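Numbering (full-length UniProt numbering), first residue to last: 1 to 257.
The beta carbon of each residue, even a glycine, is placed where N, CA and C say it ideally should be.
The structure presented is a predicted model; accordingly, all values stated were derived computationally and were not measured.
Structure first, then comments.
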Amino acid sequence: MTPAMFSNASESGFEKFKNEMNDKQNWTANAMTEMKNALKLADEEEKKFLQSISHDLKTPVMVIMSYAQAIIDGMYEDTPENTAIIIKNEAIRLEKKIKQVLYLNTLDYVLDNEKEQDEVYLDKLLSYLVSNFQAVNPDLCWQLDIKTKPAIMLGNPDRIRVSIENILENQLRYAATTIQVSLLDSGPSWGIEIKNDGPHIPEKDINQIFKTLYKDTKGNFGLGLNITQKIIHFYKGSIEVENQDGQVCFTIRYPKK
Numbered sequence: 001m002t003p004a005m006f007s008n009a010s011e012s013g014f015e016k017f018k019n020e021m022n023d024k025q026n027w028t029a030n031a032m033t034e035m036k037n038a039l040k041l042a043d044e045e046e047k048k049f050l051q052s053i054s055h056d057l058k059t060p061v062m063v064i065m066s067y068a069q070a071i072i073d074g075m076y077e078d079t080p081e082n083t084a085i086i087i088k089n090e091a092i093r094l095e096k097k098i099k100q101v102l103y104l105n106t107l108d109y110v111l112d113n114e115k116e117q118d119e120v121y122l123d124k125l126l127s128y129l130v131s132n133f134q135a136v137n138p139d140l141c142w143q144l145d146i147k148t149k150p151a152i153m154l155g156n157p158d159r160i161r162v163s164i165e166n167i168l169e170n171q172l173r174y175a176a177t178t179i180q181v182s183l184l185d186s187g188p189s190w191g192i193e194i195k196n197d198g199p200h201i202p203e204k205d206i207n208q209i210f211k212t213l214y215k216d217t218k219g220n221f222g223l224g225l226n227i228t229q230k231i232i233h234f235y236k237g238s239i240e241v242e243n244q245d246g247q248v249c250f251t252i253r254y255p256k257k
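Rendered as structure tokens:
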């Protein structure tokens, strides 16, 4: 082989190497840009979330302070007892919001460090939860239909309970007269359907309700639903919501043991 041929081969190999390096540099630069943009977006979302939650927490605080000051000044419009009840209810509302924020803030860490999983009997859990909710909210008609038992999955019982409780609490805000809870055998999964006969969710909001920044028509943020979605996805399950004829239906699927 002549020197010229060696030279051409070397130049060809060098050009190929150079092009590959340029491609890698371009890919790395693009990846860095995408990562930077993603971090910036996440930072902006976090700031919006904190601002929104801060404003949301201020409302019950202001109500409590206002009514407490009215009692001190003797300027309340209603009886002291009824004014105290309002203060108590706002304090309960505030406590619930704070607990949700704290729970959401630690949830990722807790899930990532979960080492053991227990058997969770979904049929027993649903019976327990519906019984409790029915006792506290007797004005609503509660319908429980367990089509299969035992319905066993693996997970942390407390977190599975929270994932279902949050949906039931959400239903309470919108149900007109009835909440239906069903447990179904869905092949490889257990299906939990929770329905209420309240107004439909606007179609534009269907895919937004599980986000922390989502605020519903009653001014509630999607913290509970976001917590529920995180827990369900951690256990390889799924959750869907759809408007049906005269109903809104949440469907949870958890894998069988």
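Presumed contact (8 Å Cβ cut-off) between residue i and residue j, rounded CB distance
i: residue 194; j: residue 168; result: 7 Å
i: residue 137; j: residue 172; result: 6 Å
i: residue 164; j: residue 129; result: 6 Å
i: residue 140; j: residue 177; result: 7 Å
i: residue 189; j: residue 254; result: 6 Å
i: residue 126; j: residue 146; result: 7 Å
i: residue 90; j: residue 64; result: 5 Å
i: residue 106; j: residue 191; result: With 8 Å as the limit, residue 106 and residue 191 do not qualify as a contact, their Cβ atoms being about 29 Å apart.
Assigned exposure category for residue i - 16 Cβ within 10 Å defines buried
i: residue 187; result: exposed
i: residue 224; result: buried
i: residue 6; result: At residue 6, the pLDDT of 48 sits below 50, so the modelled position is not reliable; the number obtained from the coordinates is stated separately. Label assigned to residue 6: exposed.
i: residue 153; result: buried
i: residue 82; result: exposed
i: residue 72; result: exposed
i: residue 148; result: exposed
i: residue 133; result: buried
i: residue 74; result: exposed
i: residue 235; result: buried
i: residue 160; result: buried
i: residue 69; result: exposed
i: residue 61; result: exposed
i: residue 67; result: buried
Sheet register partners of residue i (DSSP bridge)
i: residue 253; result: 191 and 238
i: residue 146; result: 183
i: residue 118; result: 155
i: residue 244; result: 247
i: residue 178; result: 141
i: residue 258; result: Look at the range of the chain in this structure, 1 to 257, and you will see that residue 258 is not part of it.
Short CB-CB distance (under 9 Å) between residue i and chain C
i: residue 251; result: Although the question refers to chain C, the structure presented lacks it and comprises just one protein chain.
Practice problem: Would you check if there are 3 or more beta carbon pairs closer than 8 Å linking the segment 111–126 to the segment 86–99? | Solution: no
Quiz item: Contact between the segment 237–255 and the segment 201–210: three or more CB pairs below 8 Å?
Solution: yes
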